[in-house]
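Residue numbers (our numbering), protein chains in the order written: chain P, 4 to 119; chain E, -10 to 104.
Note that the Cβ used here is the ideal one computed from N, Cα and C, for glycine as well.
All figures in this text were calculated on a predicted structure; none of them were measured in a lab.
Just below is one structure, and these are the notes that go with it.
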């Protein structure tokens, strides 16, 4: 079964410092990976995705993610954190086309706290 | 113009009642979903529909019945509500049936509280 793991419940970082939110995956075949962000009392917003191509994927709000096949990881990064980045971040994997489900499977989420 | 909209945003009801949550998307997507987010913020898929046809039913109790009158709408009806049904329910949609490459767009969520 497809799955993603987010090993950290919470990540704390000072404003202006680089941030990393970790995600590892377990899939059959090629991975289709996504990052979403959830602000308090809001829905999930799409940040970026990896389907194929360059290992470094750029997304919304200055976020990027690095796909590493050998380490089965897809860590979310940002060079300089903002207080407004504080939110809940979810890594997700989509079932491959052969499954015919289009199901999106989420990790447990990581709360990012950026301190002024 | 909201892409995926759900109503109501908040729903407080007593145990044993029946309630519905409505969802509409104006993105022209073929696939729609219901996800449940529990108190620990875990997100789990409940159902997915493609062009009004049920594709996924993730061992959800029979008290939950989705209905898709057309591909732009996916409603969720819940019978005999229980305390454990309290959660935030998210509707979502995506394009590319079987494509596996497109992101899903989520609604704002419906916070259901059963008392």
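Checklist entry - Quick one: what's residue 84 of chain P bridged to in DSSP? => result Residue 84 of chain P is not bridged to any residue.
Checklist entry - From the beta carbon of residue 102 of chain E, is the nearest beta carbon of chain P less than 9 Å away? => result no
Checklist entry - Cα separation between residue -3 of chain E and residue 55 of chain E? => result 16 Å
Checklist entry - Bridge partners of residue 17 of chain P, per DSSP? => result P/118
Checklist entry - Are the C-beta of residue 39 of chain E and some C-beta of chain P separated by less than 9 Å? => result yes
Next on the checklist: Just list the residues that DSSP pairs residue 26 of chain P with in beta bridges.
Outcome noted: Residue 26 of chain P is not bridged to any residue.
Item to check | N-terminal and C-terminal residue of the beta strand (DSSP E) that residue 53 of chain E is part of | outcome: 53 to 59
Next on the checklist: For a contact defined as C-beta to C-beta under 7 Å, what are the partners of residue 96 of chain E on chain P?
Outcome noted: 46
Next on the checklist: Just to check my reading of the structure: residue 38 of chain P and residue 47 of chain P have Cβ atoms closer than 8 Å, yes? What is that Cβ distance to the nearest angstrom?
Outcome noted: About 10 Å; that fails the 8 Å criterion.
Item to check | Cα-Cα separation, residue 1 of chain P to residue 40 of chain E | outcome: Since the displayed chain P opens at 4 and closes at 119, residue 1 of chain P lies outside it and no answer follows.
Next on the checklist: Between which two residues does the beta strand (DSSP E) holding residue 8 of chain E run?
Outcome noted: Element bounds for residue 8 of chain E: 8 to 14.
Next on the checklist: Quick check: the Cα distance between residue 65 of chain E and residue 101 of chain E, rounded to an integer number of angstroms?
Outcome noted: 12 Å
Next on the checklist: Which of the three DSSP states is assigned to residue 42 of chain P in this structure?
Outcome noted: coil
Item to check | Contact check, residue 118 of chain P vs residue 15 of chain P, beta carbons under 9 Å | outcome: yes
Checklist entry - Opposite residue 138 of chain P in the DSSP bridges: which residues? => result Within the shown structure, residues of chain P are numbered from 4 to 119, placing residue 138 of chain P beyond reach of any answer.
Next on the checklist: Need the endpoints of the beta strand (DSSP E) that residue 64 of chain E sits in, please.
Outcome noted: 62 to 67
Next on the checklist: Can you tell me whether residue 83 of chain E is buried or exposed? The criterion is at least 16 other CB atoms within 10 Å of its CB, across all chains shown.
Outcome noted: buried
Checklist entry - Which class does residue 70 of chain E belong to by DSSP, given the choice of helix, strand or coil? => result coil
Checklist entry - If you follow the beta strand (DSSP E) that residue 25 of chain E is part of, which residue opens it and which one closes it? => result 20 to 26
Checklist entry - Using DSSP with H/G/I as helix, E/B as strand and the rest coil, what is residue 63 of chain P? => result The answer is helix: DSSP assigns residue 63 of chain P an H, G or I state.
Item to check | Contacts around residue 72 of chain E, its chain only, beta-carbon distance under 6 Å, and the 5 residues preceding and following it disregarded | outcome: If we look at residue 72 of chain E and ignore the five residues flanking it on each side, its Cβ neighbours are 103.
Checklist entry - When the cut-off is 9 Å and only beta carbons count, does residue 9 of chain E lie next to chain P? => result no
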